[in-house]
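Reading through the structure tokens given below for one structure.
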Amino acid sequence: MTTATQVTARRRRSSGGNTMVEWMLTILPSMAIMTFCFDLTYALFGWATVQNAVREGCRYAITFQTMSGMGQDASIKTTVQNNSMGILQNTSLVNVNYYAPTAPNTPIASPGGNVPNNIVEVSVQSYPLSWLFPISGTVANPYRSSSPASINVYSSDVLGGYPAGVNSVTR
Numbered sequence: 173m174t175t176a177t178q179v180t181a182r183r184r185r186s187s188g189g190n191t192m193v194e195w196m197l198t199i200l201p202s203m204a205i206m207t208f209c210f211d212l213t214y215a216l217f218g219w220a221t222v223q224n225a226v227r228e229g230c231r232y233a234i235t236f237q238t239m240s241g242m243g244q245d246a247s248i249k250t251t252v253q254n255n256s257m258g259i260l261q262n263t264s265l266v267n268v269n270y271y272a273p274t275a276p277n278t279p280i281a282s283p284g285g286n287v288p289n290n291i292v293e294v295s296v297q298s299y300p301l302s303w304l305f306p307i308s309g310t311v312a313n314p315y316r317s318s319s320p321a322s323i324n325v326y327s328s329d330v331l332g333g334y335p336a337g338v339n340s341v342t343r
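Quick look at the structure:
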């Protein structure tokens, strides 16, 4: 017959691996949930930042302002880039379209769209969503060169009247 202290000492010696296995079975899902939370918040931050930048570009567009040496479209694109907190590195993803109030589904061909009472639409399309922990396509699947997710944001408004003393603005 063995005493209680002998039994517990034997159990401690023989059950040392259980702790490591149980720790791994809890830490791996916990780390996966944490990285998912980080990626989700980063994605929401990126979307909200780009959306705010597009809104600022639309606000800039309706006032018919231009930066020195630039046309209105280039000024709008630069405004969107400046308000994106460094997320948009260049203006190639920024689009500016003008629509007539009578045909709001057909963009007006250049030039002549940026006149009062037309609709301006500023958008960023196919901005690639980069992950903090790139498990979804770049590490786990080496055949995909980028993340499969992208951000598309739009903002539109009616162009106001020309500023005092201005009769037209170059696109």
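In my numbering, the protein residues as written are 173 to 343. A virtual CB, placed ideally from N, CA and C, is assigned to each residue, including glycine.
Judged by pairs of C-beta atoms under 8 Å, the region 275-282 does not touch the region 249-266, as fewer than three such pairs exist. Sorting T207, Y232 and P201 by C-alpha distance to the C-alpha of L331 places Y232 at the top.
By DSSP's assignment, N267 forms a beta bridge with S295.
In the three-state DSSP reduction, Y334 falls in the coil class, being neither helix nor strand.
Secondary-structure assignment with DSSP links I234 through no beta bridge to anything. CA-CA distance, T180 to E194, rounds to 20 Å.
Taking a cut-off of 8 Å on C-beta distances, the region 241-255 touches the region 214-233, as three or more cross pairs fall below it.
If you check the CB distance, V296 and V226 come in under 8 Å. Contact check for V341 against F210 fails: the beta carbons are separated by 8 Å or more.
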